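Residue numbers (our numbering): 1 to 518.
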C-alpha cells in the first residue's frame, strides 16, 4: 500500500511518496516517506527536487499528483546479505552449474528457510514481498522437491566437495530428525538423540573445519547406528573424489572395524575413544601419576589441559593415542557423579526410585535381611573406577603426535553440533511433515543449501564480533528495514541506509548497494 501526500514543516508544504512497510522487530506496520519536492507558497505549484528527477526522469509530468506511482515495496537488506553469502562461498555458481533449470527456485527456498522460521509452503507470500528472482508456489515447491533426485544431488555434492574438501579438515557427526509420517521408508524407531517418542531419520553430515560450511549430507534409516554410518560415509568418498580426507568424529563413531577401514583407505582421522574400551582405560591408568606434571601442560583457547601421547600400531599402521586431563572438568564431574549417587540412594530410601531401575542397579547392590527389607550398598569399586576417569578424555588419531594440534582439530566437532541445532530448529527441519521419500530427500537438500548460507553468515558474525550486537535473527530484522521501492516507470530506490546497515555491510566486505546496479 502506498500513496502521495503533503506535510507542512515550518510553514513549507513538502510533497512525499509514502510506502507502508512491516517492522518485524516491533510487529507493526510503519510508514516510510520519500520527499520528492515542495509546493510554491504563492501559486501552489509543485517544485520537484533532485530525488523526484532521479525517480521519474527529466521529462516527468509535474502536474498530476492524483495517483501514486509506487508499484510495491519489498524486503531488500536481508536478501542482499544472503545473496552475497551464496556468491562469496561459491554456492551460487555450483547451483547454477548443477541445476541450470531450477537453481533460482532452490536458492529462493533456501533463503526463505534461512530468513523465516516457518514452513516451506509459505515461501510464495514471502517471496512476493522480498527482493528475490522468483516466487514458487506450494505446487511448484512440491514438484521441485521431488525433482531434486539422487543423481542431481550427487553431482552437486561432488562439485561442492571438490571446492571445499581439499582445503580443510572435515568433521563428521550424525543427528536424528523426527518425522510425523509413516509413509517414508527411511523413518524407523531407533536411538533418538532428542529423546522423543517419534520415528526418525538419521542425518549424517560432513563440515569443514576452517570455513565451518557443510560439505556433504546423507540420510540413513533411523535404526542405523553411528559406527555403521561411518562405513557408509567412507563408501561415498570415491564418488565425491575427495582424496585428502580428514575425519574428526565423536566417540560414538568408534569401532575397531571402522578405524580399520579408515586406516586401510589412508584417511586421516581424529576420533574420541569411549571408556567402554580397554584401550582407553589402560591409557588413562598408565598416565594417572605422570600426566599432571607441569611439563605436560598445554593451553587451548585459554584453557589449561595436561596431555600425554602413546604411540600405537593398529593393522600395521602407525597411530597415536592422546590422553588429556582437565582438572577443572575433573572436579565438576566428580561432584556431579557423587550428587547423582546420593540422589539415587535417597530415592531408594523414600521409594521414589525402584531397586530394579537401570540407574539403581548400576550403582547399588541389594541384600535382603531377615525382616524382609533390603540393605542398600554402594558399589564402591565401580564408583571409584568411574571417579578415577573423571576429567580424562582420549583421542585416537593417525594424523599427528602433537597434542595441542590434535585437540584444536578435535574441537571442530562443536561446529557440527551447533550446525545441527541450526538445521533442525532455525531451518524448519525439526519436524518433517513430508509424506514421500523423494520429497523428504529434496526438503533436506534445501535445508542443506540453507545451512551453507547460514553457516557462512555465522562465521563472519563470529570473526567480526557482530554477536556482541546481534543474534542472527536480529541481524535479519535490522537488514529488513532496508527496503527497495519499485515504481511503475521502472525506477527503483532504496529506503535510507542507516549507520547499522553500513557497518554490517562493511563487516561482510560488501559494497553498499546502489539501486541502479541491482
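All C-beta atoms, glycine included, are put in the ideal place defined by N, C-alpha and C.
In this text the structure is predicted, and so the values were computed from the model without any measurement.
Query raised in the report: Tell me which same chain residues have a C-beta within less than 6 angstroms of the C-beta of residue 78, skipping the five on either side of it?
Result: Excluding five sequence positions before and after residue 78, the CB atoms of its chain that fall closer than 6 angstroms to its own CB belong to 115, 476, 479 and 480, given in chain order.
Query raised in the report: Count the other CB atoms within 10 Å of the CB of residue 16; is the residue buried (16 or more) or exposed (fewer)?
Result: Residue 16 comes out buried.
Query raised in the report: Does the distance from the C-beta atom of residue 521 to that of residue 157 stay below 9 angstroms?
Result: As displayed, the chain neither begins before 1 nor continues past 518, which places residue 521 out of reach and without an answer.
Report task. Would you tell me roughly how many angstroms separate the C-alpha atoms of residue 303 and residue 284, rounded to the nearest one? Result -> Between the alpha carbons of residue 303 and residue 284 lies a gap of roughly 20 angstroms.
Query raised in the report: Helix, strand or coil: how does DSSP classify residue 402 here?
Result: Residue state for residue 402 is assigned as coil, using DSSP reduced to three classes.
Report task. Flag this pair as touching only if the region 370-387 and the region 316-328 have three or more C-beta atom pairs under 8 angstroms; answer yes or no. Result -> Cβ pair count under 8 angstroms is below three, so no.
Query raised in the report: DSSP three-state call for residue 375: helix, strand or coil?
Result: Note: residue 375 maps to strand in three-state DSSP.
Report task. Tell me residue 4's beta-bridge partners as DSSP assigns them. Result -> Answer by DSSP bridge pairing, in chain order: 17.
Query raised in the report: So what does DSSP say about residue 520, is it helix, strand or coil?
Result: Any answer about residue 520 is impossible in this case: the structure gives the chain only from 1 up to 518.
Report task. Can you tell me which of 504, 491 and 447 puts its alpha carbon nearest to the alpha carbon of residue 203? Result -> Minimum Cα distance to residue 203 is reached at 447.
Query - Spatial neighbours of residue 11 in its chain, beta-carbon cut-off 8 angstroms, leaving aside the 5 residues before and after - result: Close CB contacts of residue 11 within its chain, under the 8 angstroms cut and outside five residues either way in sequence, are with 41 (chain order).
Report task. Could you tell me the distance, in whole angstroms, from the CA atom of residue 391 to the CA atom of residue 331? Result -> A straight line joining the alpha-carbon of residue 391 with that of residue 331 spans about 7 angstroms.
Requested in this report: Determine the direct distance from the alpha carbon of residue 300 to that of residue 85, and round the result to whole angstroms.
Outcome: Spanning the two alpha carbons is a distance of roughly 30 angstroms.
Report task. Please look up how many angstroms separate the CB atoms of residue 322 and residue 267, rounded, as I've assumed it's under 8 angstroms. Result -> No, residue 322 and residue 267 are not in contact; Cβ-Cβ is about 18 angstroms, not under 8 angstroms.
Report task. Please report how far the alpha carbon of residue 352 lies from the alpha carbon of residue 346, in whole angstroms. Result -> C-alpha separation (whole angstroms): 8 angstroms.
Report task. Determine, using beta carbons only, whether residue 145 and residue 438 come nearer to each other than 9 angstroms. Result -> Using a Cβ distance threshold of 9 angstroms, residue 145 and residue 438 count as a contacting pair.
Query - Cutoff 7 angstroms; reference residue 152; Cβ partners in own chain excluding five residues on either side - result: Within the same chain, and ignoring the five residues on either side of residue 152 in sequence, the residues whose Cβ sits closer than 7 angstroms to its Cβ are 98 and 99.
Requested in this report: Tell me whether the beta-carbon of residue 398 lies closer than 9 angstroms to the beta-carbon of residue 273.
Outcome: Not in contact: residue 398 and residue 273 (Cβ atoms no closer than 9 angstroms).
**Report entry** Contact belief for residue 81 with residue 95 at Cβ below 8 angstroms, rounded distance in angstroms
**Finding:** Not quite, the Cβ-Cβ distance comes to about 17 angstroms (not below 8 angstroms), so this is no contact.
Query raised in the report: Closest to residue 444 by CA distance: which of 76, 87, 7 and 205 is it?
Result: If we check each option's Cα against that of residue 444, 205 comes out closest.
Query raised in the report: If you draw a straight line from the alpha carbon of residue 265 to that of residue 246, how long is it in whole angstroms?
Result: So the alpha carbons of these two residues sit roughly 11 angstroms apart.
Query - 6 angstroms CB neighbourhood of residue 35 in its chain, flanking five on each side removed - result: Taken in chain order, the residues that qualify are 14 and 16.
Query raised in the report: Would you say residue 91 and residue 109 are within 9 angstroms of each other, going by their C-beta atoms?
Result: 9 angstroms or more divides the Cβ of residue 91 from the Cβ of residue 109.
Query raised in the report: Is the beta carbon of residue 148 less than 9 angstroms from the beta carbon of residue 404?
Result: Result no, Cβ atoms of residue 148 and residue 404 do not sit closer than 9 angstroms.
Query - Which of helix, strand or coil DSSP assigns to residue 395 - result: In the structure shown, residue 395 sits in a strand (DSSP, three-state: E or B).
Query raised in the report: Among residues of its own chain, excluding the 5 on either side of residue 112, which ones have a beta-carbon nearer than 6 angstroms to its beta-carbon?
Result: Cβ within range, chain order: 123 and 126.
Query - Extent of the continuous alpha helix (DSSP H) run through residue 248 - result: Secondary structure note for residue 248: it is in no alpha helix (DSSP H), and the uninterrupted beta strand (DSSP E) holding it is 246-249.
**Report entry** Cβ distance (whole Å) where residue 154 is taken to contact residue 239 below 8 angstroms
**Finding:** That belief holds up - the Cβ atoms of residue 154 and residue 239 are roughly 6 angstroms apart, short of 8 angstroms.
Query raised in the report: What is the DSSP secondary structure of residue 37, counted as helix, strand or coil?
Result: Residue 37: strand per DSSP, three-state reduction.
Requested in this report: Could you pull out every residue in the same chain whose Cβ sits closer than 7 angstroms to the Cβ of residue 379, ignoring the five residues on either side in sequence?
Outcome: Non-local beta-carbon contacts of residue 379 in its own chain, meaning distances under 7 angstroms to residues more than five positions away in sequence, involve 363, 364 and 365 in chain order.
Query raised in the report: Based on Cα-Cα distance, which residue from 253, 241 and 219 lies nearest to residue 230?
Result: If you compare the alpha carbons of 253, 241 and 219 with that of residue 230, the shortest gap goes to 253.
**Report entry** Enclosing alpha helix (DSSP H) for residue 472 [first to last residue]
**Finding:** It spans 472-480 - the alpha helix (DSSP H) in which residue 472 sits, taken as one unbroken run.
Report task. Note the first and the last residue of the continuous alpha helix (DSSP H) segment covering residue 318. Result -> Annotation: residue 318 is outside any alpha helix (DSSP H); the continuous beta strand (DSSP E) that includes it extends over 317-325.
Report task. Would you mind giving the Cβ-Cβ distance between residue 129 and residue 74, rounded to the nearest angstrom? I have them listed as a contact below 8 angstroms. Result -> A Cβ-Cβ distance of about 6 angstroms is found for the pair residue 129 and residue 74, placing them in contact under the 8 angstroms criterion.
Query raised in the report: Cα separation between residue 376 and residue 349?
Result: Going from the Cα of residue 376 to the Cα of residue 349 covers about 9 angstroms.
Query raised in the report: What is the rounded straight-line gap between the Cα of residue 336 and the Cα of residue 514?
Result: Taking the CA atoms as reference points, residue 336 sits about 58 angstroms from residue 514.
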